[in-house]
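Residue numbers (UniProt numbering): 51 to 440. Glycine is no exception: its CB is placed at the ideal position from the N, C-alpha and C atoms. Quick caveat, the model's predicted, so the values are computed rather than measured. A short write-up of the structure that comes next.
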Ligand code: FAD
């Protein structure tokens with residue numbers, strides 16, 4: 051039988067040998083260390099802390115950043131890594147994306163030289179874990195204009211007050227990037243809040259039906275004092291926050307590709323083994339149609355994100371480029387995982403057949419880092435010249 055591989059248009063051939071080796075190293079790690087435990091940790095809604103040193107040894111954090119111990123590889127490789135991780139476990143890929151993309155990215159793009167020197171080398175080695183607090187209980191999509199968390203400058207630094215919701219890794223992170231509106235200037239500023247800082251509380255959000263392995267938290271900041279040295283020195287308005295999101299939304303689009311690919315490959319394998327009416331269900335035309343729909347979506351998504359990262363590598367990536375890929379890939383992934391579940395019949399809803407986890411996790415991809423509607427409005431504004439947000 052032909053091999054089961056979601057890379058139908060051979061994008062792997064576009065990778066140099068050195069990059070292909072990194073891809074295969076990540077794949078092997080995911081298949082040997084994560085796949086056997088993924089469903090169990092997801093089911094128990096716990097994070098496998100023991101994997102962190104092994105993940106660190108792969109040397110893939112901040113993979114596209116320059117300096118500070120980061121490998122400075124092309125953004126295409128950052129995407130390939132996100133795909134490989136999500137292909138096995140979207141939760142681990144989210145943990146990684148929050149740490150390496152959102153948290154390290156905020157420091158890389160908005161930190162002073164001293165802040166980069168302090169945090170990035172140890173975050174690159176996963177000796178310090180990062181989180182990123184932007185969304186709030188009352189404001190998600192409208193956070194740019196409606197942020198309720200405040201910061202106020204005092205004689206000896208800043209005081210933060212407010213709440214942040216959904217913040218991944220925040221229950222155990224060493225540094226949490228908190229975005230807050232300055233009472234005086236009304237501009238959004240960023241802060242490096244250290245673990246254990248008085249006035250900072252992170253409570254785990256329970257009962258999620260997606261990304262259960264990720265530890266999302268409700269953060270409460272009560273007169274939380276932060277020194278001026280821990281204010282992100284180059285974050286002066288929401289425009290700077292948006293620079294980080296532009297970069298990470300591209301990563302989420304790649305994550306969607308990984309999620310779809312994991313589901314497609316599991317489903318294809320299953321249809322070759324599962325027999326009904328005396329033959330493998332892969333021999334039925336209607337099943338083949340589902341598989342081809344999945345593969346065409348997957349291949350279109352992969353082509354799109356590959357080009358997206360090429361634009362990023364050329365310094366040409368815009369917000370609308372990243373948003374279009376996020377919209378398209380998160381929609382198509384929903385379709386792929388749903389067909390994958392369908393061709394597996396009843397077993398499609400059992401965790402041990404793997405696809406059920408992808409079905410659930412695709413829902414989180416669809417909504418985080420800007421919902422489908424919000425990313426559509428970003429593209430709509432760019433192509434029509436009219437903002438339809440309000
Ligand atoms: P809302 O903004 O309340 O939106 C509800 C619905 O209304 C959506 O369908 C939305 O598209 C629609 N809508 C809103 N405005 C408009 C409009 N103008 N036009 C049309 N439709 C509109 N945030 C962080 O800061 N850090 C994290 O680490 C993080 N991790 C997350 C992990 C998970 C698993 C999840 C689910 C979320 C996470 N988030 C995180 C938050 C995430 O970014 C928000 O959930 C997302 O931005 C949507 O905000 P909301 O949930 O408040 O939905």
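Once DSSP output is grouped into helix, strand and coil, what is the label at residue i?
i	result
residue 209	strand
residue 256	coil
residue 280	helix
residue 107	helix
residue 440	coil
residue 266	strand
residue 271	strand
residue 237	coil
residue 90	helix
residue 121	strand
residue 183	strand
residue 58	coil
residue 245	coil
residue 251	strand
Is the distance from the Cβ of residue i to the Cβ of residue j below 7 Å?
i	j	result
residue 73	residue 130	yes
residue 223	residue 179	yes
residue 374	residue 367	no
residue 355	residue 387	no
residue 198	residue 186	yes
residue 183	residue 228	yes
residue 32	residue 233	With the chain represented from 51 up to 440, any question about residue 32 goes unanswered, as that position is not in the structure.
residue 441	residue 242	Here the chain covers residues 51 to 440 and nothing more, so residue 441 does not appear.
residue 56	residue 391	no
Residue range of the alpha helix (DSSP H) that residue i falls in?
i	result
residue 396	Note, residue 396: premise wrong, no alpha helix (DSSP H); not H, not E.
residue 360	335-363
residue 222	Here residue 222 belongs to no alpha helix (DSSP H), and DSSP marks it neither H nor E.
residue 435	Unbroken run through residue 435: none, as it is neither H nor E.
residue 321	288-323
residue 203	No alpha helix (DSSP H) contains residue 203, which is instead part of the beta strand (DSSP E) from 200-204.
residue 171	163-174
residue 416	405-417
Indicate, with yes or no, if ligand 1 has a heavy atom lying under 6 Å from the CB of residue i.
i	result
residue 417	yes
residue 414	yes
residue 253	no
residue 185	yes
residue 426	no
residue 270	no
residue 266	yes
residue 218	yes
residue 210	no
residue 423	yes
For residue i, is the beta carbon positioned less than 6 Å from some heavy atom of ligand 2?
i	result
residue 148	Although ligand 2 was asked about, the structure shown includes only ligand 1 as ligands.
For residue i, report the span of its beta strand (DSSP E) as first-last.
i	result
residue 368	Note, residue 368: premise wrong, no beta strand (DSSP E); not H, not E.
residue 83	Unbroken run through residue 83: none, as it is neither H nor E.
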